[in-house]
Amino acid sequence: MSDKACSSHCCPRFDLAAANLVTRLWVGLRLFMAGLDKFRAGDGAAATFNMANYDTKTGLIAKLMSENSFLPSVLPASAIDAYAHSIGFVLLIVGIWVAVGLFSELSLLAAGLTFLSLGFGLAALPDDTELGVNIGIGVMIVFLALSTVKHGYLSLDGLLRRKKCGASAEKSAEA
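Each residue of the sequence shown is one higher than the last, beginning at 42 in this note's numbering.
#1: Is the CB of D56 under 7 Å away from at least one CB in chain B?
#2: With H, G and I counted as helix, E and B as strand and the rest as coil, what does DSSP make of A59?
#3: What's the C-alpha gap between R67 and L200?
#4: If we count the other Cβ atoms within 10 Å of its Cβ and call it buried at 16 or more, is L62 buried or exposed?
#5: For the alpha helix (DSSP H) containing H192, list its first residue and its last residue.
#6: At 4 residues or longer, what runs of the alpha helix (DSSP H) sit wholly inside the stretch 100 to 162?
#7: Please look up how many angstroms separate the CB atoms of L163 and I176, rounded, as I've assumed it's under 8 Å.
#8: In the structure shown, what three-state DSSP assignment does P88 receive?
#9: Rounded to whole angstroms, what is the Cα-Cα separation between M42 and L187?
#10: Considering only residues of the same chain and omitting the five flanking positions on each side of V131, which have a CB-CB separation below 8 Å?
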């Protein structure tokens, strides 16, 4: 079975590998930067990144979700607070995970679900303009990255697969 997996990657297509790399990096960096922004206060050289800023921003997110949407009618306040106060860490972790390309299919699924959760929250707000533009584009790019994931030899998965296939080729040559 591993021989079949290795042989299917013997002649990789650079165009699809590059498409996977670019789309995966876009998704990963977009999520990472959105998470990092939750820790930021100020602009330019005066910008600071710390937990106090994170607590302030996530508190504002929780307040916005509780006061300006229909979410409190379908979700308990504790669920809204838990989501708002954890989303920054989710964005950072999933962003890094996607960018390095480890377990790419699973990481891109997590990225897609993260975008969908953000979209759900935005759709609950009265002005959901950002939903169609930013979140919709994010979901489409996750789809493109998932469509090319089998050609992702420019990722940590690809590196590990090449090592595994090289080791199995050496064993079969010795036999």
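Ideal placement from N, C-alpha and C gives every residue a C-beta, glycine not left out. Keep in mind that this is a model prediction, so the values were computed, not measured.
Taking the coordinates as given:
#1: Going by chain labels, chain B is absent from the structure shown, which holds only one protein chain.
#2: helix
#3: It is Trp, not Arg, that sits at residue 67 in the sequence shown. W67 and L200: Cα-Cα distance of roughly 20 Å.
#4: Counting other Cβ atoms within 10 Å of its Cβ, L62 reaches 16 or more and is therefore classed as buried.
#5: Taken as a continuous stretch (DSSP letters only), H192 belongs to no alpha helix (DSSP H), as it is neither H nor E.
#6: Here the runs fully enclosed are 112 to 115, 118 to 141.
#7: 6 Å
#8: Residue identity check: residue 88 is Ala in the sequence provided, not Pro. It is coil, neither helix nor strand.
#9: In this predicted model, M42 has a pLDDT of only 45, less than 50, meaning its place in the structure is not dependable; the value taken from the coordinates is given anyway. Taking the straight line joining both Cα atoms gives about 23 Å.
#10: G76, T155
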